[in-house]
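Visitor:
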Amino acid sequence: MVTKKLLWFFCLQIPWMILKVLMYLYVTQAEFITSPCQYFDYLYGQGVGAKASNFYVAWAQQLATEGNVQCAGAVLQKGLHNQAQPRENLQQLYW
7 MVTKKLLWFF
17 CLQIPWMILK
27 VLMYLYVTQA
37 EFITSPCQYF
47 DYLYGQGVGA
57 KASNFYVAWA
67 QQLATEGNVQ
77 CAGAVLQKGL
87 HNQAQPRENL
97 QQLYW
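Under my numbering, read the sequence shown as residues 7 to 101, first letter to last.
1. Using CA coordinates, which residue listed in Gln98, Tyr48 and Tyr50 is at the minimum distance from Gly79?
2. Suppose you measure from the CA of Phe38 to the CA of Val81; what does that come to, to the nearest Å?
3. Keeping to the same chain, check which residues put their C-beta closer than 7 Å to that of Lys84; ignore five residues upstream and five downstream.
4. How would you call Leu31, buried or exposed, if buried means at least 16 neighbouring beta carbons within 10 angstroms?
5. With DSSP collapsed to three states, give me the class of Ala78.
6. Does DSSP put Gln91 in a helix, in a strand, or in coil?
7. Taking the DSSP output, what are the residues bridged to Gln58?
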């Protein structure tokens, strides 16, 4: 019984953990690209990060760093609209 519960737990958690690692790699990669905002836009167009709030947060932070605060807010709103998780990360920055 315990083994079955443990196996079920890992089956649910491992894909989420892999997604978090991939998002971390994509986001840190943006720092080394000449046009990070175009990189985020490209990834978003490919469906990468559409449900991960840290993707939208990193994208918005990059836009804000470049002085484009209005677009940064739009990106956070886009993440909320797409129901990216954890939602609290986006709500803290957007409100």
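A virtual CB, placed ideally from N, CA and C, is assigned to each residue, including glycine.
On a predicted model such as this, the values are computed, not experimentally measured, just so you know.
Guide: So, to answer that:
1. As a working note, residue 79 is residue 73 in the sequence shown. The shortest C-alpha separation from Gly79 is found at Gln98.
2. Looking up residue 38 in the sequence shown gives position 32. Looking up residue 81 in the sequence shown gives position 75. Going from the Cα of Phe38 to the Cα of Val81 covers about 21 Å.
3. Locating residue 84 in the sequence shown gives position 78, where the first residue counts as 1. Tyr62.
4. Numbered from its first residue, the sequence shown carries residue 31 at position 25. Answer is exposed; the Cβ neighbour count stays below 16.
5. As a first step, residue 78 must be located in the sequence shown, where it is residue number 72. Note: Ala78 maps to helix in three-state DSSP.
6. Within the sequence shown, the letter at position 85 stands for residue 91. The answer is strand: DSSP assigns Gln91 an E or B state.
7. Reading the sequence shown from its first residue, position 52 is the one you call residue 58. Per the sequence shown, the amino acid found at residue 58 is Ala instead of Gln. Per the DSSP secondary-structure output, Ala58 pairs in a beta bridge with Gln91.
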